[in-house]
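The next block holds one structure in the form of structure tokens; read it before the comments.
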Amino acid sequence: MKNTTTSLILQIVALLFLVVIGYLIFNSSSNWKVITSELNKAREELKQSKEVIVTTKSQLESSRKEFEQMKTQKDLIIHKRDSLILSFKRKNAKDWSELQQIKDSIKITNDQLSKDRAILNGVFGLEQ
2 MKNTTTSLIL
12 QIVALLFLVV
22 IGYLIFNSSS
32 NWKVITSELN
42 KAREELKQSK
52 EVIVTTKSQL
62 ESSRKEFEQM
72 KTQKDLIIHK
82 RDSLILSFKR
92 KNAKDWSELQ
102 QIKDSIKITN
112 DQLSKDRAIL
122 NGVFGLEQ
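For the sequence shown, the working numbering gives the first residue as 2, with consecutive numbering after it.
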């Protein structure tokens with residue numbers, strides 16, 4: 002009888018250990034589910050962040066190109082203005098040397114104007 006009682010007590014203790022181990026396994030698998038769901042959320046947020054960065058980068062590049070176009074247009078307008086001023090001075094010149102200086106200045110301005118037009122056409126993708 003003593004053998005049966007000891008065996009019964011050992012079986013109860015073993016069963017108790019199995020219940021405790023089963024509870025720990027179940028509880029830890031629940032934690033793994035939470036960890037897995039949090040990792041999946043973090044991956045999704047990272048994916049969205051990458052998409053936002055790519056979009057922002059393309060918008061920044063587009064803005065940079067627009068800025069370059071506006072700068073080139075500004076330079077072209079400035080050179081046209083200078084050309085008009087020199088043309089006015091040429092019409093109102095008094096002597097030959099002043100007229101020759103103005104002529105040289107007009108040539109330089111026109112050369113710069115044609116370079117700026119070529120750059121502007123290149124920026125806008127126009128070909129002549």
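For every residue, glycine included, the Cβ atom is placed at its ideal position computed from N, Cα and C. All of these numbers come straight from a predicted model, not from anything done at the bench.
query                                                                                      : result
Beta-carbon proximity list for residue 139, same chain, < 7 Å, skipping 5 on both sides    : Outside the shown range of the chain (2 to 129) lies residue 139, about which nothing can therefore be said.
Meets three-Cβ-pair contact criterion under 8 Å: the stretch 75-89 and the stretch 106-122 : yes
Three-state secondary structure (DSSP) of residue 28                                       : helix
Local conformation of residue 93 per DSSP, three classes                                   : coil
Between the CA atoms of residue 14 and residue 6 - distance to the nearest angstrom        : 12 Å
Residues near residue 106 in its chain [Cβ-Cβ closer than 6 Å; skip 5 each side]           : 87
Among 76, 110, 55 and 75, the one whose alpha carbon lies nearest that of residue 84       : 110
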